[in-house]
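In this note's numbering, the protein residues as written are 8 to 122.
This is the structure in structure tokens:
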């Protein structure tokens, strides 16, 4: 049985937390938490398809130039090759699950800020 309480923890970005729920080459499932006002770098994955599912709060996801505000119990699929950036534009933390198939390890290309 796996949960946030017993999963391997890691830090990423600007004070963000993550927990590996499933960490295999063919699939990655992570629970992530972004404090208020944080963001990740805009990027894309060449092979990996992702699905972001919000547990609590609102996740702002820029996907190919279009902004999506994903609320609790809503999700958004990110196809391979799609430029995207997750942000927390609110005053409260946001927690979400990210499912990646296959894993995103070695399959991430960061983009310059102006892209």
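The beta-carbon is built from N, C-alpha and C at its ideal position, and this holds for glycine as well.
As the structure is a computational prediction, the values presented were derived from the model and not from experiment.
Tell me which residue opens and which closes the beta strand (DSSP E) that residue i is part of.
i, result
"residue 84", "82-85"
"residue 93", "91-94"
"residue 15", "15-19"
Are residue i and residue j closer than 9 Å when you measure CB to CB?
i, j, result
"residue 103", "residue 59", "yes"
"residue 130", "residue 40", "Since the first residue shown for the chain is 8 and the last is 122, residue 130 is missing from the structure and cannot be characterised."
"residue 66", "residue 30", "no"
"residue 84", "residue 56", "yes"
"residue 68", "residue 92", "yes"
State the beta-bridge partners of residue i as determined by DSSP.
i, result
"residue 78", "65"
"residue 103", "39, 61"
"residue 114", "In the DSSP output, where bridge partners are listed per residue, residue 114 has none listed."
"residue 30", "35"
"residue 25", "17, 39"
When we look at the beta-carbon of residue i and count the other beta-carbons within 10 Å, is it buried (16 or more) or exposed?
i, result
"residue 35", "buried"
"residue 48", "exposed"
"residue 16", "exposed"
"residue 43", "exposed"
"residue 19", "exposed"
"residue 122", "Low local confidence applies: a pLDDT of 49 at residue 122 is under 50, so the model's placement there is unreliable, with the coordinate-based value given in what follows. Flag for residue 122 reads exposed."
"residue 61", "buried"
Could you tell me if the beta carbon of residue i falls within a distance shorter than 8 Å of some heavy atom in the ligand SAM?
i, result
"residue 114", "In the structure on display, the ligand SAM does not appear, and there are no ligands present to speak of."
Which parts of the stretch 36-73 are runs of the beta strand (DSSP E), unbroken and 3 residues or longer, counting only runs that do not cross its ends? 56-63, 65-70
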